[in-house]
Every structure is written in structure tokens, then in C-alpha cells.
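First residue of the sequence shown: 1385, per the working numbering; consecutive thereafter. We put the beta carbon where it would ideally sit given N, CA and C, even for glycine. See structure below.
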Amino acid sequence: MPQERAPAKYRLIADHLREGILSGDYPAGQPLPSEESLSKQFGVTRPTVRQAVAELRANGLVEVLMGRGMFVRSPHGRPSLTRPRGVRHELDGRFTEADGLRWENAEKPVATRTDAPLALADLLRIPPGEPLFTYQALQTADRGRLRQLHSTYVPFSALVGTKYEDEAPPPAPHLYEALTQLGHELDFTEYVRTRMPLPDQAQSLRLPEGVPLLHIFRVTHGNGTKPLALEEFHIPGDDVELMYRP
């Protein structure tokens, strides 16, 4: 009969801390033992301790505060960042994000032609495979502390009969000014879901292991019923909440 494998060391640490949290030995809002003390207690390296903490963060039991350490997350605690969601139409005609953050592109986005995959085609109400103008960018705010992945998709069919049949439209939010100039009155619908990041997304967003993404789609409608454009956002989901105002 084959021998059972011993549990990984990080799992032993995670189980130890989880038991202490659920039993109340580590109350909500209170600090957990430091990485140094846990590494000495279990005879492991700090990366092993961090792997255990990442598992507890993914379970929603622990939060890590920069410069302060690891704390038991309260079920009623608020995240450190609240981001209003939506688009504001300014008096000067510009469209801006409701969060008021000044997002900058890490590199200048370039329009590429892609064929609409099934999931995007469904949101845009176009046939799968229809060509799209696509922009993709890593964006930062607050001197690089905040990061998000942002994509803009515009179906070719939404631009028939306009000057953008012969030239690429701008990415959002400048896209909205262009659509308004074409005579559209815009409204927006957002869909929010969570999932674990792909490896390249985790690297771009500097996500610790076990931290999920907020995956947001914003669909833009104009005068007709068919959507004109789609924005896609990937946002770190470990210490943020989204706020929608009527």
C-alpha cells in the first residue's frame, strides 16, 4: 500500500492559522504572527509563509496592510479603496471615469484588427468572427500604486457610413466624444464578475498568489438598440470595492 504524502509545509501553516482564526484565538482586526516568527516556528523560509498567507487571503480570512503586517479580516470590514464606477460627461464635452483617478497608459495603445470571439460577440450582439478595432493597455494611477488592464473593442459594423470606415476610431474614453460627434446619445451598462488571473495578468498587475480579479465589461449603447462599443477591465480584487450611484 503506497505511503500517504505529507502535507506541504505551507499547508500546515495555513491550516494552523485558519484554525486559530475560526476558533477566535486570532480575533477579527487583530494582527497575526509576523512572517519571521512563523518561519522560525515552522522551520521554513519566508516565501513558504507567504504562500500560506496567500491561501488565506484567497479564502477571505486575512488581509495584508503595507508596512503594518498581516491581520485577520473582519467580515464587516471595509476595503482600503472604494472605486466609484461609471462614466461622467463633463460640461466641456469630455467623458471621464467616475472614480476621478488619472489613469495613464504604460505604452501608447495601438489599434489592431481582431475577430470577435463568442463571449464578446454575444455582448456586442454581432456574429462571432466579425472584425473589431481593438486597443489593449496596462494602465496605472496614483504614481503606479494602482494598476488595471484595459481594452476597447469597436465593431466595424458600428462605423459603417462614418469617417471611421477609413481610419481607426480612438480608444475609450475619447471614443465616446467621437461617437457623440456622430450624433449618438450614449448610455452604459456594466457587468462584473470575479475569476482567477492568467499568469501574464497576475504579472502585469503584480498580484500575489491566490488573489482574484474583478473582471468588468462596459457596454456602450447609442441611439439604436445594438451596442456600439465594449470596454473590458481587469482590476485586482483583493482590497477594493466598487460603488455604483443611480
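Item                                                                                                                                                            : Value
Report yes or no: do the segment 1575-1587 and the segment 1489-1498 share at least 3 C-beta pairs separated by less than 8 Å?                                  : no
Among R1467, P1415, R1486, A1503, which has the Cα closest to the Cα of L1449?                                                                                  : P1415
Looking only at its chain, what residues have a beta carbon closer than 8 Å to the beta carbon of G1453, apart from the 5 residues adjacent to it on each side? : P1415, L1416, S1418
According to the neighbour-count rule (16 or more other Cβ atoms, all chains shown, within 10 Å of its Cβ), is M1385 buried or exposed?                         : Caution applies to M1385, whose pLDDT of 47 falls short of 50 and renders its modelled position unreliable; the value that the coordinates give is listed next. Under this definition M1385 is an exposed residue.
Can you name the start and end residues of the beta strand (DSSP E) that D1526 belongs to?                                                                      : Where D1526 is concerned, there is no enclosing beta strand (DSSP E), given that its DSSP letter is neither H nor E.
What residue range is occupied by the uninterrupted beta strand (DSSP E) comprising P1620?                                                                      : 1611-1620
Note down, in chain order, each residue of its chain lying with its Cβ closer than 6 Å to the Cβ of E1615, except the 5 sequence neighbours on either side.     : T1536, A1556, R1602
To test your reading of the DSSP string, which unbroken beta strand (DSSP E) runs of 3 or more residues are found completely within the segment 1560-1591?      : 1571-1579
Taking only the alpha-carbon atoms, compute the straight-line gap between A1503 and R1486 and give it to the nearest angstrom.                                  : 29 Å
Please report how far the alpha carbon of R1462 lies from the alpha carbon of E1439, in whole angstroms.                                                        : 20 Å
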